[in-house]
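Positions 1 to 350 (UniProt numbering) are the ones given, in order, by the sequence shown.
We treat Cβ as the ideally placed atom computed from N, Cα and C, and that holds for glycine.
It should be emphasised that the depicted structure is a prediction, and the values quoted were computed from it without experimental measurement.
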Amino acid sequence: MYTGYNESELILNKVMNNPDCRATLDTTVLPPMARFRFPLNSTNACGSNFVTIRSIGTGVFSDFSNIETVNISGIVQSKDITTGTVTYNAELKYYYSCAYPLEYLINNTRVDVSASSIAVKDNNGSFISTLSLRLFKDINYTEPLTMPPLGIELRTNVFVQVEATNLTSQYFVLLDRCYASISTTPTTRNFFNLFVPCGSDWLTKMLVNGEMQLARFSFPAFRFTEQQNQTVSTYYLHCITRLCEISTCSTFRQCGKRKRRDVVPLTTTPSPNGVTETTTITSPAIVIRAENVVATKEEEVTISTKKPSDSSVGLGVAVGILAFACIMTIAMGAVFYKRHWHNAPSKMPR
Numbered sequence: 001m002y003t004g005y006n007e008s009e010l011i012l013n014k015v016m017n018n019p020d021c022r023a024t025l026d027t028t029v030l031p032p033m034a035r036f037r038f039p040l041n042s043t044n045a046c047g048s049n050f051v052t053i054r055s056i057g058t059g060v061f062s063d064f065s066n067i068e069t070v071n072i073s074g075i076v077q078s079k080d081i082t083t084g085t086v087t088y089n090a091e092l093k094y095y096y097s098c099a100y101p102l103e104y105l106i107n108n109t110r111v112d113v114s115a116s117s118i119a120v121k122d123n124n125g126s127f128i129s130t131l132s133l134r135l136f137k138d139i140n141y142t143e144p145l146t147m148p149p150l151g152i153e154l155r156t157n158v159f160v161q162v163e164a165t166n167l168t169s170q171y172f173v174l175l176d177r178c179y180a181s182i183s184t185t186p187t188t189r190n191f192f193n194l195f196v197p198c199g200s201d202w203l204t205k206m207l208v209n210g211e212m213q214l215a216r217f218s219f220p221a222f223r224f225t226e227q228q229n230q231t232v233s234t235y236y237l238h239c240i241t242r243l244c245e246i247s248t249c250s251t252f253r254q255c256g257k258r259k260r261r262d263v264v265p266l267t268t269t270p271s272p273n274g275v276t277e278t279t280t281i282t283s284p285a286i287v288i289r290a291e292n293v294v295a296t297k298e299e300e301v302t303i304s305t306k307k308p309s310d311s312s313v314g315l316g317v318a319v320g321i322l323a324f325a326c327i328m329t330i331a332m333g334a335v336f337y338k339r340h341w342h343n344a345p346s347k348m349p350r
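See below:
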């Protein structure tokens, strides 16, 4: 109790009839604290105000020309239950204001090439807790991609989905860039761009982006050439994701107002405009089967099965030619003998 009030008498944004907007007393800390927990969506945000702020990206997002941050603010007030003419209780007012960046790096999505559901780690002060990345094996996104013991085959279609859940309906998910590398962390070496703001690899198919609270694309499984002598090729997906207001998502998809960029080393230092440190989401590794080993074995089997057949054919041809030569020799001998017999003078006695 503070100045005559307990936690039940502290009201969030004058919302009094919603139990989700009331404070709970935390006695595990000293001094005890009144804690408010409420969802960050426009339908049940306990009267909080949502304001979107746009600025030029700095820090880890310095190559982006437009970064959005949503500010959520409100007030906690005391409710004086005194019924008399005067009161000796002080009026309490606590103002809160929290900034949440709408641009995130989802990296360390290890590609073994199956990735089941990804456990998203909570990060205070960030919408990252609402994001998930999953891999599927069908275009309808109904069958999760399950990893075989030896990995998946080359050119197997991998369907990727980044989804936001429990998020206010005024925001959509927009992928700024996704690329693959054999490193668990973003790197400037040995990477392969699957999707960048104004282009993509010709085999990457962007299905949904900046149009709803999920983004989807697909790509055929590939191998990194530096792993060509290994049994499997393992690599990771790194995706930079932003949440954009419905009214501005189309602006972010316009190439004339965006910057194409190469991979840059990423740090975890917060930037002045409220962009917090990057958050890592990890899935099982994507593993690609070494196709050349299988091909070699198939070639050996093919060669071994073809050799007896080739020998039989050659022997048959040789026997046929020999038989034909014998027949021709006999025929020519018969003709020669017959002519010689008819042309010889008769030696009959008179």
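Cβ neighbour criterion (16 or more within 10 Å) applied to residue i
| i | result |
| --- | --- |
| Phe-192 | exposed |
| Asn-13 | buried |
| Tyr-179 | buried |
| Pro-101 | buried |
| Gly-320 | exposed |
| Glu-68 | buried |
| Arg-35 | exposed |
| Asn-6 | exposed |
| Pro-84 | Here residue 84 is Gly; the residue named in the question, Pro, does not match the sequence. So Gly-84 ends up on the exposed side. |
| Asn-229 | exposed |
| Arg-189 | exposed |
| Ser-48 | buried |
| Cys-249 | buried |
| Ile-11 | buried |
| Val-196 | buried |
| Ser-8 | exposed |
| Arg-155 | exposed |
| Ala-132 | In the sequence as presented, Ala is not what sits at residue 132; that position holds Ser. So Ser-132 ends up on the buried side. |
| Cys-239 | buried |
| Ile-330 | exposed |
| Leu-237 | buried |
| Ile-327 | exposed |
| Cys-21 | buried |
| Val-86 | exposed |
| Asn-17 | exposed |
| Leu-25 | exposed |
| Ala-45 | buried |
| Ile-81 | exposed |
| Tyr-94 | exposed |
| Arg-54 | exposed |
| Val-29 | exposed |
| Tyr-96 | exposed |
| Asn-140 | exposed |
| Lys-257 | The predicted position of Lys-257 is uncertain, since its pLDDT is 47 and thus under 50; no value can be drawn from it. |
One or two residues paired with residue i in a DSSP bridge
| i | result |
| --- | --- |
| Gln-161 | Arg-134 and Arg-216 |
| Cys-249 | None; Cys-249 has no bridge partner. |
| Val-287 | Thr-234 |
| Arg-35 | Thr-24 |
| Val-208 | Arg-216 |
| Lys-93 | Gln-77 |
| Glu-143 | Answer is none; Glu-143 lacks a bridge partner. |
| Cys-244 | Phe-172 |
| Ala-180 | Phe-192 and Leu-237 |
| Ile-99 | Residue identity check: residue 99 is Ala in the sequence provided, not Ile. DSSP lists Asn-71 as partners of Ala-99. |
| Arg-54 | Glu-68 |
| Leu-10 | Ser-78 |
| Ile-152 | Ile-288 |
| Val-15 | Leu-12 |
| Asn-49 | Ser-73 |
CB-CB length for residue i against residue j, believed under 8 Å
| i | j | result |
| --- | --- | --- |
| Ser-218 | Phe-159 | 5 Å |
| Ile-152 | Arg-289 | 6 Å |
| Thr-241 | Asp-176 | 7 Å |
| Phe-50 | Val-70 | 6 Å |
| residue 411 | Phe-172 | Residue 411 falls outside the range modelled here, since the chain spans only 1 to 350, and no answer is possible. |
| Cys-244 | Leu-174 | 5 Å |
| Leu-167 | Gln-213 | 6 Å |
| residue 354 | Ser-78 | There is simply no residue 354 to check, as the chain begins at 1 and stops at 350 in what is shown. |
| Phe-136 | Pro-148 | Contact doesn't hold; Cβ gap of about 15 Å is too wide. |
Interface flag, residue i vs chain D, CB-CB below 9 Å
| i | result |
| --- | --- |
| Asn-6 | Checking the listed chains, one finds no chain D in this structure; it contains a single protein chain. |
Exercise. If we count Cβ pairs, one from each stretch, closer than 8 Å, do we get three or more for the stretch 209 to 226 versus the stretch 144 to 160?
Worked result: yes
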